[in-house]
Every structure is written in C-alpha cells, then in structure tokens.
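Read the structure below first, then the notes.
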Amino acid sequence: MSAERDELVDVVRRAVGDRSAARMVTDIGSAYDPAVWDVLHSIGVWSLGLPPEMGGAGGGLDEQLACAEVLGSLAVPVPSTSVWVAAAVLATLAPPPELLQIFSEGKEPVGVLLPADTDAVVTLEVDGGQLSGAVHGAIDGASLCHAIVAAAGRWWWIDLRTPTVTVTMQSAFDHTRPTADVQFASTPAVELGEVDPAAAGADQVTALARALLAADALGAGRAALELAVQYSLDRHAFGHPIGSYQAVKHQLADMLVAVETSASAVAGTAWSAVEGFPDATAALIAKSTACAAGMLATRKSTQIHGAIACTWEHDLHLLMRRAKFDELALSSPGTLLDELGASLVADGAAGTRSGRSPARPLFAVDAADQAFLDELRTWLAAELTDDWRARWRDRDAGARRRAFREWQGFMADAGWVGIHWPVEHGGRDATLAQQVMYHAELAGQNVPGFIGNRGLSLTGPTLIVHGTPEQRQRFVEATRRADILWASGLSERDAGSDLAALSTRAVLDGDEFVVNGHKIWTTNAQFCEWMFTLVRTGPLEPKHDGISVLLIPLDAPGVTVQPIRRNAGDHHFNEVFLDDARVSATNLVGPLNGGWSVARTTLSHEHLTNFLGAQLRQSKVVERIIERARDRGRRGQPIDASLRRRIAESWVNSEVLRLHGMRNVTRTQAGRDPGPEGSIVKLFGQEEEQRLYELAIDVAGVSSLREDSWALSFMSTRASTIGGGTSEIHRNKIAERVLGMPRDPSSEPSKSSSPTG
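By UniProt numbering, the letter at position 54 of the sequence shown is numbered 54, and the numbering carries on one by one without gaps.
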C-alpha cells in the first residue's frame with residue numbers, strides 16, 4: 001500500500017482511460033489492442049516482477065495485482081495474466097540476453113502458455129531442441145508472439161510465428177481475452193533452464209495466475225459497484241433517487257461487502273508471496289472469493305440498472321463477461337472449495353492458513369513489536385497454569401465467574417490488561433499491530449476472553465477521554481482489574497436502532513438526577529455492578545442533542561434487573577427498570593446533553609478492535625468443526641460433499657475476516673483512513689457466525705438432537721445479526737455512510753408532523 005503503488009495505479013488508469021479498447025476488439029474480433037499494449041509497456045507495466053538487472057521494472061506481486069485490478073475494471077484487452085507469469089518465471093532463470101531483451105523491449109508479447117482448464121492434458125515432447133504437441137485453450141494464447149512452456153522438466157522459449165506453430169483463436173465469451181489452441185510440430189525451442197518445483201513449478205505458476213485472475217475479477221466487481229452507485233444517485237423514481245430506497249441500499253451494501261472482503265483476500269496473496277509467487281492456499285482463497293464477488297457485483301449492478309444494462313451499448317456486459325472468464329478459468333470457486341473441503345476433512349490433514357507460515361504476521365513488525373510479543377509469551381509460559389484452566393472449566397457458573405475475574409485482575413497486575421490504554425492509566429499504549437499480536441497469542445493459547453471486556457473496550461476508554469479526574473480515579477483502574485463489571489444501558493424497546501427516540505429520562509434535582517425509564521438487552525447485567533447509560537436530559541428534537549451519559553450503580557434504590565431467558569435456555573440478557581432512581585450528578589460523563597458524542601467514542605472503540613476477537617473465535621470454531629468431521633470419517637460416517645463444501649466456505653471466510661482485519665492494520669500503520677472495514681466486519685462476521693454454528697450441528701448430524709453446547713450456540717447466535725443493530729440496519733448504514741446514498745424518504749419527518757404524540 002505504498003505511495004509508489006498508488007501512483008502506478010493512477011498512471012495506468014489514466015493511460016487506459018475508459019473501455020473503448022474493449023469495445024473495439026469486441027466489434028472487430030481482434031485478440032488484443034496493440035496500441036493499449038504499447039502505452040502500458042511505456043510505463044513499465046509488463047516488466048513488473050522482473051528485476052532491473054534483467055531489464056525489468058522491478059516491483060513485485062503487489063504492484064502486479066494493483067495493475068490487474070485496474071485492467072479488470074476497464075476490461076482492457078491485453079494478455080496481462082500470461083505475461084506477468086512469464087516475468088515471474090524468467091526471474092528464477094538465467095535466460096539468454098537476447099531473449100530477455102525481447103521481453104523487456106515489450107514490442108512483442110511474451111507469455112507462459114496456461115490452459116484455462118486445469119484438467120486439460122498437455123502433451124508436449126522435446127526431441128533435439130524441437131517441441132511437438134499442443135496446449136489447448138491457452139489463456140492469452142491468441143495474443144502472444146512468443147511463448148514459454150514447461151516440457152520434459154525444463155522451461156522452453158518458442159517463437160509462435162514459426163511456420164511449424166499453429167495458433168487457433170477460439171470463439172470467445174469474453175472478447176477481451178480470447179483463448180487459443182496452440183500446436184507445435186517439431187518447432188525449434190530455446191532451453192531456458194530446469195523447472196524447479198520449489199521455485200517456479202506448476203503449482204507456483206498456477207497460484208500466481210489464479211491470484212492475477214482474482215485481482216482482475218475484483219476490478220470488474222468494483223467497477224460494477226461504482227456504476228451501480230452512480231446510477232442509484234442519478235436515477236429517480238417517485239420523486240427520489242432510487243438509492244434512497246432500502247431495497248436498493250441492501251443490494252449496494254452486499255456488493256460493497258463482497259468487493260471489500262475479496263480485496264482483502266487478494267491482498268493476502270501479496271502478503272504471502274515468496275520470490276514473486278503467492279502461497280497456493282492464499283491464491284485459492286483469493287480466487288474463490290474475488291471471482292464470486294465479481295459475478296455477484298455484476299449481477300446485482302445489472303439488476304439495479306434495469307433494462308438499460310441488458311443492451312449491447314452498456315458497459316456492464318463487458319464487465320460481466322470479464323468476471324465470468326476469471327471465475328471459470330483455472331478452476332471455478334466451487335471446484336476449488338470442493339477440493340479444499342476434501343483436503344480439510346481428510347483424516348490427519350492439517351488445515352493451513354493462507355501464507356507461508358501460520359505465525360507469519362501480515363503487517364510490519366518492528367523490534368519493539370517483537371519484544372512486546374516475546375515478553376507476553378514469556379509471562380504466559382510462567383503464569384498460565386493448569387490450575388487456572390481447571391478453574392475456568394468449573395461446573396458451577398458462579399465459581400467460573402470468580403475465576404475469570406481473578407484471572408483478569410492477575411493479568412492486570414502484571415500489565416497485560418487494557419494494553420491499548422495510555423500508560424498513565426495502566427495500559428501500554430500498544431500499537432494496533434501489538435493489539436493484533438496480543439489477541440492472536442491469547443487465542444492461540446486458549447485463554448478465554450476477559451469477563452470485563454465491555455469495560456475494557458467501551459467504558460474505560462470513554463472515561464479516559466471524557467471522564468473527570470474523579471471519575472477516572474474511581475472507575476478506570478477498577479474496570480481494568482474487573483473489580484467493577486459494566487453493563488451497557490443503550491437499547492430501549494422503541495428507541496430505534498440509532499437510539500434517536502431514546503426515552504429514559506433523567507431530571508436534575510439538586511445534586512442528583514432522578515431517572516425513570518427502561519433498558520433492554522443489557523448483557524450480563526445480572527452480575528455487573530454498574531451500567532454505562534444513555535438517558536434523555538433534553539428535548540426529543542433534535543433527536544440526538546438532548547442525550548447524556550450517566551454511570552448508574554445497579555444496586556441503587558429504584559433499579560431493578562430482570563432476566564430475559566434466551567432461546568438457548570440460559571440467562572444472558574436482561575431488562576433494567578429505573579423507577580425514580582437517584583444518581584449523583586457527579587456520575588454525568590461529558591457535558592449535559594452532549595452524550596451522543598461521548599457514546600460515539602464508545603462505539604468507535606468497539607468497532608476498532610471488533611475484528612480481533614470475532615475472527616479468532618470463529619477460527620477456533622472452524623477448527624473444532626473440521627475435527628468433528630474427521631471424527632465422523634474415522635467412525636465410518638463420512639460427511640457428504642455439500643457439508644465438505646460448507647466447511648471449506650467457513651474456513652475461507654474465517655481467513656478472509658482475518659485478512660480483512662490485517663488490511664485495516666496496514667492502512668493504519670501507513671497513516672491512512674482504515675476505510676469501511678469496521679462496518680463490514682460487523683455484517684460479514686456476524687452473519688458468518690450464524691452460518692458457522694448451523695454448520696457445526698449439521699456436521700454432528702443426529703447427535704445434535706441431544707442438546708449440547710453446540711446446539712445451544714446454534715440457538716444463541718440467532719441474535720448475532722440483531723444485537724448492536726440488525727444486519728438490515730447495518731446495510732443501510734453502509735449504503736448511506738460509505739457509499740453516499742440519501743436517507744430513505746419515508747424516514748424524513750413531514751413538515752407538518754408534530755413533536756408530540
């Protein structure tokens with residue numbers, strides 16, 4: 001995510017300009033556009049990945065992927081995939097200087113011949129430096145002047161204009177990238193070097209090509225989204241832009257989630273790369289994710305546009321053809337997921353994370369970060385005993401809670417709680433990178449989440465920013481040690497998802513507030529001591545201006561906590577009734593009637609670190625599901641193909657959620673806006689959480705008819721897409737706050753509406 005990379009992307013986009021080249025080759029039936037090829041060569045695009053000492057432009061996979069995304073967005077008719085693969089292959093060899101010169105001069109496209117069908121049988125034989133055989137359905141095959149092929153364990157260079165070569169361009173679905181059958185009949189070939197399976201073998205070449213196709217599909221999908229966004233603002237129906245209607249907003253939000261999560265998956269291939277080639281699993285994740293996203297975005301964009309998108313003149317069919325080519329070439333997402341699923345559940349198989357090493361950070365780690373991690377590991381090795389683990393598993397819920405509180409206090413005394421807090425408040429001023437490493441290490445060692453997490457992530461940071469010195473003295477350290485546990489008094493029955501109609505009222509009476517109202521869905525309030533509460537202290541309109549934050553003790557007279565039994569049968573949520581409850585005015589946080597800005601601080605802390613725990617919890621569940629599936633196989637009850645695919649999908653989604661969070665870290669480290677990642681994590685992660693626990697009981701089969709922890713989790717996670725704002729509300733927020741859609745006209749108050757009633 002360097003400035004140089006961004007500058008390269010801008011130059012490539014300006015050089016191509018629009019999709020006129022795609023229309024030109026579509027109309028005349030040519031294989032590629034030589035003029036666009038030459039323009040891109042002049043700015044060094046085709047020699048990316050080839051070292052400068054070999055006549056190349058340098059750079060690496062990250063730059064290639066960035067350019068591939070631009071080419072996909074504009075459906076540029078050039079043989080990009082095969083040429084960039086050729087650059088990576090040549091970089092591992094010592095080819096003759098005259099051939100390197102042909103490649104670096106860029107007048108004649110040189111690419112590796114890759115059959116689009118991974119099941120195709122390539123029969124190539126070499127006899128005395130002459131090549132015979134055929135490659136069918138070669139990607140970019142009709143656009144190349146020179147080809148590089150693997151045969152007899154070696155790489156060979158062939159001039160495709162030799163009379164003994166026959167290139168037959170196939171009828172193309174995607175007119176911007178026709179494939180070709182290439183036949184050789186005792187064709188002279190120049191040996192380049194041995195095929196090294198560890199450096200540039202068939203697996204590495206396929207992985208690189210898949211990563212490039214994924215980036216191309218990402219570009220097509222992003223372009224389709226951009227077209228849909230603009231059309232939704234321009235097109236009016238019933239006097240309003242169609243983007244103001246919820247039905248359209250949800251389609252746009254789904255497109256954005258698909259595009260942005262697949263962008264993270266594509267970025268993961270660059271992070272995993274070694275010597276220009278990505279890890280095969282990272283490439284599988286990217287291709288299965290980005291190609292599906294490209295098709296989803298082009299389909300939904302077509303639906304939003306309506307009939308106009310179904311005409312030849314509209315660009316959407318160019319993008320849909322491009323995305324479909326990317327999806328089908330070198331194995332479809334479905335095929336890849338089926339292969340992955342079978343591998344994951346094979347007895348004794350070890351699931352591997354994307355990247356060369358499971359522990360390899362996907363962001364910059366300096367000496368201070370590594371020292372931080374080493375210190376944490378040393379402390380855990382000495383203090384995380386079997387006795388603690390036994391206490392956490394106690395059958396008595398009260399005993400478990402006491403153990404969790406004591407453990408948090410124990411870690412806090414050692415300086416390992418609230419690490420993102422300022423040093424003066426007991427924290428370590430941990431960087432975002434250190435926070436990621438910290439949570440990953442705790443999860444990796446199966447340390448349970450802190451019982452006081454709500455106070456650590458929400459209330460504590462808010463008091464540090466907005467609290468008085470007395471409030472900080474009284475509450476902050478006690479919160480960090482779990483001496484005080486906090487509930488959040490935000491939701492009310494009729495307050496709305498944005499809390500604009502919040503009605504719990506606090507009236508100042510001398511040096512106390514008298515509070516009357518009702519809060520609902522207050523998690524774990526039955527054993528918390530205090531509640532961080534939003535109350536109405538001013539008028540109802542404007543809707544957020546009259547809200548304040550009060551810290552209310554849950555044992556105060558007039559406060560009643562009443563349990564709500566969940567569908568899983570347990571007691572997790574509560575209602576809190578406030579009847580003339582008197583609360584000291586010293587418990588007001590921030591200014592009177594200024595509580596909305598205080599609450600937004602709270603919510604920003606929640607979204608900043610939300611992905612850390614969410615992904616780690618889900619990845620652990622996926623591992624347990626995989627082990628369940630293997631156990632069934634060992635007992636002679638193997639799961640069917642549909643379940644294997646669902647396991648693969650959940651494994652991939654868990655990885656994508658991790659990569660998405662890492663992308664946020666890299667943005668932050670570079671001093672950039674983290675983008676829409678926080679909103680997307682909520683929607684993508686929590687909908688996946690529901691699918692995950694349903695998968696868990698489906699894998700267990702009839703044994704799930706006996707109620708156990710899996711069945712209870714399946715029921716309780718029905719609330720995952722409701723708490724903290726429903727998925728539908730989050731889709732509205734994404735469409736409005738990220739994509740710029742206007743509010744729903746039905747939500748705008750009428751000029752004649754009364755403030756009462």
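Glycine is no exception: its CB is placed at the ideal position from the N, C-alpha and C atoms.
Quantities reported herein were computed from a predicted structural model and do not represent experimental measurements.
Selection from D366, L113, V205 that minimises the alpha carbon distance to A147: As a first step, residue 147 must be located in the sequence shown, where it is residue number 147. The shortest C-alpha separation from A147 is found at L113.
Pair every Cβ in the segment 568 to 575 with every Cβ in the segment 532 to 540, then say whether three or more of these pairs are closer than 8 Å. no
Going by CA-CA distance only, name the one from R23, L213, E194 that's closest to V89. Position 89 of the sequence shown, counted from the start, is the residue given in the question as residue 89. The residue with the shortest Cα to Cα distance from V89 is E194.
Please report the distance separating the alpha-carbon of D254 from that of R658. For this step, residue 254 is matched to residue 254 along the sequence shown. For this step, residue 658 is matched to residue 658 along the sequence shown. Between D254 and R658, the C-alpha separation is close to 19 Å.
L508: buried (16+ other C-beta within 10 angstroms of its C-beta) or exposed? Translated into the one-based positions of the sequence shown, residue 508 becomes position 508. Per the 10 Å Cβ criterion, exposed.
Backbone secondary structure at T26 - three-state DSSP: Translated into the one-based positions of the sequence shown, residue 26 becomes position 26. If DSSP states are grouped into helix, strand and coil, T26 belongs with the helices.
Cα-Cα separation between A280 and V738, rounded to whole angstroms: On the sequence shown, position 280 is the one that residue 280 refers to. On the sequence shown, position 738 is the one that residue 738 refers to. Straight-line Cα distance between these residues: approximately 33 Å.
Can you tell me whether P197 is buried or exposed, with buried defined as 16 or more other CB within 10 angstroms of its CB? Here residue 197 refers to the residue found at position 197 when the sequence shown is read from its first residue. So P197 counts as exposed.
Are the beta-carbon atoms belonging to P115 and A142 less than 9 Å from one another? Position 115 of the sequence shown holds residue 115. Position 142 of the sequence shown holds residue 142. No, these two residues do not count as a Cβ contact at 9 Å.
S357 to V365, Cα distance in whole Å? As a working mapping, residue 357 is identified with position 357 in the sequence shown. As a working mapping, residue 365 is identified with position 365 in the sequence shown. With a pLDDT of only 35 at S357, under the threshold of 50, the placement of this residue in the model should not be trusted; the figure read from the coordinates follows. About 15 Å.
Can you say whether F573 is buried or exposed, counting buried as having 16 or more other CB atoms within 10 angstroms of its CB? Position 573 of the sequence shown holds residue 573. Buried, because 16 or more other Cβ atoms sit within 10 Å of the Cβ of F573.
Which term fits P95, buried or exposed, when burial requires 16 or more other beta carbons within 10 angstroms of its beta carbon? Here residue 95 is taken as the residue at index 95 of the sequence shown, counted from 1. Result: buried.
Per DSSP, which one or two residues make a beta bridge with F184? Here residue 184 refers to the residue found at position 184 of the sequence shown. According to DSSP, which records beta bridges pairwise, F184 is partnered with G133, V165.
Whole-angstrom distance between G546 and S597, CA atom to CA atom: Within the sequence shown, residue 597 is the residue found at index 597, counting from 1. Within the sequence shown, residue 546 is the residue found at index 546, counting from 1. Cα to Cα, the separation comes out at about 11 Å.
Determine the extent of the beta strand (DSSP E) in which K733 is found, giving its start and end residues. Residue 733 sits at position 733 when you count from the first residue of the sequence shown. No beta strand (DSSP E) contains K733, which is instead part of the alpha helix (DSSP H) from 727 to 733.
Count the other C-beta atoms from every protein chain shown that fall within 10 angstroms of the C-beta of A689, then say buried if there are 16 or more, exposed otherwise. Residue mapping note: residue 689 aligns to position 689 of the sequence shown, counting from 1. Just to set this straight, residue 689 is Glu in the shown sequence, not Ala. Buried, because 16 or more other Cβ atoms sit within 10 Å of the Cβ of E689.
When burial is assigned at 16 or more other CB atoms within 10 Å of the CB, is R493 buried or exposed? Residue numbering aside, residue 493 sits at position 493 when the sequence shown is read from its first letter. Looking at its Cβ environment, which holds fewer than 16 other Cβ atoms inside 10 Å, R493 is exposed.
Residue burial classification, C291 (beta-carbon count within 10 angstroms, cutoff 16): Residue numbering aside, residue 291 sits at position 291 when the sequence shown is read from its first letter. When all chains shown are included, C291 counts as buried.
CA-to-CA distance, A75 to M24, given in whole angstroms: Taking the sequence shown and counting its residues from 1, the one referred to as residue 24 is at position 24. Taking the sequence shown and counting its residues from 1, the one referred to as residue 75 is at position 75. Straight-line Cα distance between these residues: approximately 11 Å.
Reduced DSSP category for A581 - H, G, I as helix; E, B as strand; rest coil: On the sequence shown, residue 581 is found 581 positions in, with the first residue counted as 1. In the structure shown, A581 sits in a strand (DSSP, three-state: E or B).
Under the three-state reduction of DSSP, which class applies to D326: helix, strand or coil? Counting from one through the sequence shown, the residue named residue 326 turns up at place 326. Reduced to three states, the DSSP call for D326 is helix.
Quick one: grab the DSSP three-state call for G355. Working through the sequence shown from its first residue, we reach residue 355 at position 355. For G355, the pLDDT reaches just 39, beneath the cut-off of 50, and the residue's location in the model is therefore unreliable, although a value from the coordinates is still provided. It is coil, neither helix nor strand.
Residue(s) in a DSSP beta bridge with K519: Counting from 1 along the sequence shown, the entry for residue 519 is found at position 519. Note: K519 sits in a beta bridge opposite V576.
Just reading off the alpha helix (DSSP H) that Q251 is part of, what are its end residues? For this step, residue 251 is matched to residue 251 along the sequence shown. Note, Q251: alpha helix (DSSP H), 246 to 272.
Mind the definition here: the segment 339 to 347 touches the segment 633 to 644 only if three or more C-beta pairs lie below 8 Å; say whether that holds. yes
Which value, in whole angstroms, describes the spacing of the CA atoms of V622 and A202? For the purposes of this step, residue 622 is identified with residue 622 of the sequence shown, where counting begins at 1. For the purposes of this step, residue 202 is identified with residue 202 of the sequence shown, where counting begins at 1. Distance between the alpha carbons of V622 and A202: 30 Å.
In whole angstroms, what separates the C-alpha of D708 from that of F527? For the purposes of this step, residue 708 is identified with residue 708 of the sequence shown, where counting begins at 1. For the purposes of this step, residue 527 is identified with residue 527 of the sequence shown, where counting begins at 1. Rounded to whole angstroms, D708 to F527 spans 24 Å at the Cα level.
Pick from T164, V266, L252 that is closest to T298, judged by C-alpha positions: Taking the first residue of the sequence shown as position 1, residue 298 is located at position 298. Taking only the C-alpha atoms, the option nearest T298 is L252.
Proximity winner among I520, P553, E69, relative to E260 (alpha-carbon distances): Locating residue 260 in the sequence shown gives position 260, counting from the first residue. Comparing Cα positions, the closest option is E69.
DSSP three-state label for A487, please. The residue you call residue 487 lines up with position 487 of the sequence shown. Looking at A487 - three-state DSSP - the assignment turns out to be strand.
How many whole angstroms separate the CB atoms of V110 and A86, which I take to be in contact at a CB cut-off of 8 Å? Indexing the sequence shown from 1 puts residue 110 at position 110. Indexing the sequence shown from 1 puts residue 86 at position 86. Contact flag correct, Cβ pair sits at about 5 Å.
Tell me the DSSP secondary structure of W530 in three-state form. Here residue 530 is taken as the residue at index 530 of the sequence shown, counted from 1. It is a strand residue.
Leaving out five residues on either side along the sequence, give the residues of the same chain with a beta carbon under 6 Å from the beta carbon of F372. The count along the sequence shown starts at 1 and reaches residue 372 at position 372. Here the set comprises Q434.
In this structure, does DSSP put G141 in helix, strand or coil? Position 141 of the sequence shown, counting from 1, holds the residue named residue 141. In the structure shown, G141 sits in a helix (DSSP, three-state: H, G or I).
Which term fits G49, buried or exposed, when burial requires 16 or more other beta carbons within 10 angstroms of its beta carbon? What you label residue 49 is simply residue 49 of the sequence shown in a count that begins at 1. Flag for G49 reads buried.
Just how far apart, CA to CA, sit M741 and Q64? For the purposes of this step, residue 741 is taken as the residue at position 741 of the sequence shown. For the purposes of this step, residue 64 is taken as the residue at position 64 of the sequence shown. Roughly 33 Å separates the two Cα atoms.
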